[in-house]
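Oh and the sequence shown: position 311 is 312 in the numbering used here, straight run, nothing missing.
Even glycine gets a Cβ: it sits at the ideal position worked out from N, Cα and C.
This report refers to the structure that appears directly beneath it.
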Amino acid sequence: MNSTKDFSGIKPLEKRVYLSSPTMHGDEMKYIQEAYDTNWMTTAGTNITEIEKQAAAYVGCKYAVALSAGTAALHLATKLAGEKLYGMAKPNQGTLQGHKVFCSDMTFDASVNPVAYEDGEAVFIDTERDTWNMDPVALEKAFEIYPDVKLVIVAHLYGTPGKIDEIKAVCDKHGALIVEDAAESFGATYKGRQTGTFGDYNAISFNGNKIITGSSGGMFLTDSLKDADKVRKWSTQSREDAPWYQHEEIGYNYRMSNVIAGVIRGQLPYLETHIAQKKAIYERYKEGLKDLPVTMNPFDETNSQPNYWLSCLLIDKDAMCQTVRGENKPLYISEKGKSCPTEILEAISAFNAEGRPIWKPMHMQPIYRMNSFITASGNGRAQSNAYIDEGEAVDVGADIFERGLCLPSDNKMTPEQQDVIIEVIHRCFQ
Numbered sequence: 002m003n004s005t006k007d008f009s010g011i012k013p014l015e016k017r018v019y020l021s022s023p024t025m026h027g028d029e030m031k032y033i034q035e036a037y038d039t040n041w042m043t044t045a046g047t048n049i050t051e052i053e054k055q056a057a058a059y060v061g062c063k064y065a066v067a068l069s070a071g072t073a074a075l076h077l078a079t080k081l082a083g084e085k086l087y088g089m090a091k092p093n094q095g096t097l098q099g100h101k102v103f104c105s106d107m108t109f110d111a112s113v114n115p116v117a118y119e120d121g122e123a124v125f126i127d128t129e130r131d132t133w134n135m136d137p138v139a140l141e142k143a144f145e146i147y148p149d150v151k152l153v154i155v156a157h158l159y160g161t162p163g164k165i166d167e168i169k170a171v172c173d174k175h176g177a178l179i180v181e182d183a184a185e186s187f188g189a190t191y192k193g194r195q196t197g198t199f200g201d202y203n204a205i206s207f208n209g210n211k212i213i214t215g216s217s218g219g220m221f222l223t224d225s226l227k228d229a230d231k232v233r234k235w236s237t238q239s240r241e242d243a244p245w246y247q248h249e250e251i252g253y254n255y256r257m258s259n260v261i262a263g264v265i266r267g268q269l270p271y272l273e274t275h276i277a278q279k280k281a282i283y284e285r286y287k288e289g290l291k292d293l294p295v296t297m298n299p300f301d302e303t304n305s306q307p308n309y310w311l312s313c314l315l316i317d318k319d320a321m322c323q324t325v326r327g328e329n330k331p332l333y334i335s336e337k338g339k340s341c342p343t344e345i346l347e348a349i350s351a352f353n354a355e356g357r358p359i360w361k362p363m364h365m366q367p368i369y370r371m372n373s374f375i376t377a378s379g380n381g382r383a384q385s386n387a388y389i390d391e392g393e394a395v396d397v398g399a400d401i402f403e404r405g406l407c408l409p410s411d412n413k414m415t416p417e418q419q420d421v422i423i424e425v426i427h428r429c430f431q
């Protein structure tokens, strides 16, 4: 650790605190055993049908299709949108070939990679500060620049709903479809309505670190039986209704295992409990760090209720020590009264707790650096990391990435363990 701060008197945590590890309850084993005892160890069985019914009922949609990952759900949602907009793909060609798609910029790449899978071109839309999600103003600007775009992929970052009404209004104005990436926000609501129901096509995730986990897995959510059947067919190698294996279009091995579904079936009854635990962690951080030059990841307190999947921190600009990030390694100079994400992450790690940097915006990723990036003031490529006269960053996502970090948010973390982490963070600003 390169920090020059004094951490004397703080004892390392005896048991490591993770960012967000699975929280198991015992019911999971009952349904795994059921799959084993009935020999339904394949991509069919009672566990799958039950979690599809339960997830659809909880979210408030008509149909859910259980898939191997949230990424699989996003891919098939994106493929389905491309087919609806541009027709069936030709052999060996994606449904989005030659077309641009507007995508959230500050997210995990699983949100946007399906555009590449389908031979489309992602155009990244900058972030707004109120929720750290897609900026509706930048989205409107993007339609002014690229008026022919007809598909928008929106992610809800860290379990916090974006400005859904404003985003939908912009999309409706321009006749664009929405793929809603609710992978991180299962259980979060906007105006009393669950995320995963606002898009034309919707996806959630049960990855190992999500608020409800199957170790892996995801779901496609819809009110359209036709779309659900199409996704279910694609996910089982597009087999036709014939007594032999017959295929008339490209398919995928994307269906969820009945064993994985058993884990999820045992987890689902505890979703509200997990949300309450995550919320308590967020509020303890907010109270414990209120005297520091930092803020917690924000949300619309009037219209939305996050699932608080990850608690995140943003350091005030004037409290940042000198820091720089290369492609694979960060550097900083430890300064009295100031800190930076790297110093804090190194410090809490030294005391046996895991944090993470904020998602690096997609337009900054080497693989996507040639793609267009749109800010609220227009095309952001020439202005990336620049500042306007008032001192406000033009590139909001890059600014949050520079000054933000994800704190240990494991819902098995005790208040006493969290107090140690809070004290370590305080010492970083001494």
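1. Identify the continuous alpha helix (DSSP H) that holds Phe-144 and give its terminal residues.
2. Residue ranges of each alpha helix (DSSP H) run of no fewer than 4 residues wholly in the stretch 139-191, ordered along the chain?
3. Look at the Cβ atom of Tyr-333, then the Cβ atom of Asn-3, and state whether they are nearer than 8 Å.
4. I need the boundaries of the alpha helix (DSSP H) containing Ser-236, first residue and last residue.
5. Which one of Pro-409, Ala-56, Met-371 has the shortest CA to CA distance from Ile-205?
6. Below 8 Å, can you find three or more Cβ-Cβ pairs linking the stretch 121-137 to the stretch 62-71?
7. So what's Leu-311 in DSSP terms, helix, strand or just coil?
8. Please classify Glu-29 as buried or exposed, where buried requires at least 16 other C-beta atoms within 10 Å of its C-beta.
9. CA-CA distance, Lys-192 and Thr-303?
10. Spatial neighbours of Met-89 within its chain, please: C-beta separation below 7 Å, excluding the five flanking residues on both sides.
11. Please tell me whether Phe-125 and Met-363 are closer than 8 Å, where the distance is taken between their beta carbons.
12. I'd like to know if the stretch 397-410 and the stretch 301-319 are in contact, where contact means that at least 3 CB-CB pairs between them fall below 8 Å.
13. Expressed to the nearest angstrom, what Euclidean distance is found between the alpha-carbon atoms of Tyr-147 and Met-414?
14. Would you kindly work out how many angstroms separate the C-alpha atoms of Lys-234 and Ile-261, rounded to a whole number?
15. CB Leu-20 to CB Asp-228, shorter than 8 Å?
16. Using the rule of at least 16 other Cβ atoms within 10 Å of the residue's Cβ for burial, across every protein chain shown, is His-26 buried or exposed?
17. Per DSSP, Ala-123 is paired with what?
18. Give me the Cα-Cα distance between Asp-182 and Lys-339, rounded to the nearest whole angstrom.
Quick look at the numbers:
1. 137-146
2. 165-174
3. yes
4. 226-236
5. Ala-56
6. no
7. coil
8. buried
9. 8 Å
10. none
11. yes
12. yes
13. 47 Å
14. 20 Å
15. no
16. exposed
17. Val-102
18. 36 Å
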